[in-house]
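*Asks:* Residues in the sequence shown are numbered from 139 upward in steps of one, following this note's numbering.
Glycine is no exception: its CB is placed at the ideal position from the N, C-alpha and C atoms.
What you are looking at is a predicted structure, and each value in this text was computed from that prediction instead of being measured.
The structure's right below; bear with me while I get my questions together.
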Amino acid sequence: MWAMQAIGYVRSPYRETRQVPKGLGAKHEAEGILEIRAEFEDGLQDIEGFSHLFVIWAFDRAEGYSLVGTPPSDDRPHGVFATRSPRRPNPIGLTVVELVSREGRMLRVRGIDMLDETPILDIKPYLSSVAPERLRRGWLEEAEGRAAGKR
Ligand SMILES: C[S@@+](CC[C@H](N)C(=O)[O-])C[C@H]1O[C@@H](n2cnc3c(N)ncnc32)[C@H](O)[C@@H]1O
């Protein structure tokens, strides 16, 4: 086991899960603040140079887990590790956000899908080295195709 602590908390406009956009085509454009605890502020040095960040956080309001479930973006079940379900054995969330600005230990970011007061476990610069043509999007691509066919 590993002991972890929150390096900070998300200040989000979302207070309940039903407020967060879900399903195929959902856009995450909400702005919020990543408020880093004072003792970790020095760790933000030079973060301003990055346009996007990985935020690693805890689904602190998820209860238990399901190894197979049907996500909002499909009507078919999938394994938890092939989805972004909050109900996972280790309740860890990962969100890519755009860094809008920094004021001291407050990072204003765009693209959050976390609830207010979500604990932040870590932040890393977003660097993608995967060429778009090499990406496969699995069942999500199939679900998008079926949804397009129904329109
Ligand atoms: C589908 S998950 C994806 C989260 C992240 N982008 C990921 O891939 O790990 C997003 C959902 O998690 C839920 N959620 C957000 N913050 C949470 C929290 N602190 N505890 C439990 N559930 C949360 C919301 O219902 C939101 O719609």
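(1) Candidates Q157, P215 and G287: which alpha carbon is nearest H166's?
(2) Does DSSP put L278 in a helix, a strand or coil?
(3) When you compare the CB positions of V238 and R226, do they come within less than 8 Å of one another, or not?
(4) Should V158 be counted as a contact of ligand 1 given a C-beta to heavy atom distance under 7 Å?
(5) May I ask whether a heavy atom of ligand 1 can be found less than 7 Å away from the beta carbon of G231?
(6) Three Cβ pairs or more, each shorter than 8 Å: is that satisfied between the region 244-258 and the region 142-154?
(7) Return the chain-ordered list of same chain residues with a C-beta closer than 6 Å to the C-beta of D198, the five sequence neighbours on each side being excluded.
(8) Taking the alpha carbon of P209 as the reference point, which residue from A220, F192, G202 and G187 has its own alpha carbon closest?
(9) Of the residues S223, V193, L182 and W140, which one's Cα is nearest the Cα of I250?
(10) Should R246 be listed as close to ligand 1, given that the test is whether its C-beta is under 7 Å from any heavy atom?
*Replies:* Looking at the coordinates:
(1) Q157
(2) helix
(3) no
(4) yes
(5) yes
(6) yes
(7) P257
(8) A220
(9) V193
(10) no
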